[in-house]
Structures are given as structure tokens and as C-alpha cells.
Amino acid sequence: MAESAQITPDLIPAGTLQAPGPLFVSDSAINIWNTATDTAQSRIENRIVSPPIPIPTTLEDKCWVTLMALRREEELQETMRYLENAWRELTEVKKVLGIGN
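Residue numbering for the sequence shown follows this note's numbering, beginning at 3 and increasing consecutively.
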């Protein structure tokens, strides 16, 4: 009976990562991200080809904006997959209907 009364801890499978609670991005990292985004959009709209002047950041803020950039990249990859699937579907619909190329 003593054995059945023991509480066994839940084991975490090998290779499973756990992040500590919610993480809050610093206001300065958000400001840096917004400034960089605005600057990039302006450079694209105005066709500026000269190398950009890097925005000075602390090591902590650089870590945050790196994570933000990686997250944005993941979002864009998801969007691209969705668009590619939608495009294939449209192409197939056009074939079924006998329209288009």
C-alpha cells in the first residue's frame, strides 16, 4: 500500500523544451522593431540602394528583435504556404471549368 500512495512526478519526454511563463518584450525592443520596420518600408518605397545605417541596440534588445524577426518569418512562411495551396486550387478549378491556361 505504501508504494501505491507514492506520488510519481510526471516525466518530461527527452528533447521537449519548456519555456518559462509568459515573456514580455521590452518597450525599447518594440520601439526599435517599429523604427526598423518604418525605415525598411521607406527604403523600399523610395528605392534606396545604399546600405542602411544599423540602429544601435543593447544585447538584450537585439535578442528580442531577433525573436520578433524569427516570428515574423514564420508568419510569412505560413502565408506563403496558404497562398501556394490557394493558387494550386484555383489552377485546378480553372482546369475543371475549362477556362484559362
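Note that beta-carbon positions come from the ideal geometry of N, C-alpha and C, so glycine has one too.
Rounded to the nearest angstrom, what separates residue i and residue j at their Cα positions?
i	j	result
Val-27	Ala-88	34 angstroms
Val-67	Leu-78	16 angstroms
Arg-45	Val-51	8 angstroms
Ile-55	Met-70	20 angstroms
Gly-1	Leu-85	Outside the modelled stretch of the chain, which goes from 3 to 103, sits residue 1, for which no answer is possible.
Ser-6	Thr-81	Note that Ser-6 has pLDDT 49, beneath the 50 cutoff, so the model's placement of it is unreliable and no number is given.
Thr-59	Leu-92	45 angstroms
Leu-25	Ala-42	26 angstroms
Pro-53	Leu-72	22 angstroms
Can you tell me whether residue i is buried or exposed? The criterion is at least 16 other CB atoms within 10 Å of its CB, across all chains shown.
i	result
Val-98	exposed
Measure how close the beta-carbons of residue i and residue j come, nearest whole angstrom, since I'm counting them as under 8 angstroms.
i	j	result
Thr-37	Ile-57	6 angstroms
query = Any contact of the segment 27 to 37 with the segment 56 to 76, i.e. 3+ C-beta pairs under 8 angstroms?
reply = yes
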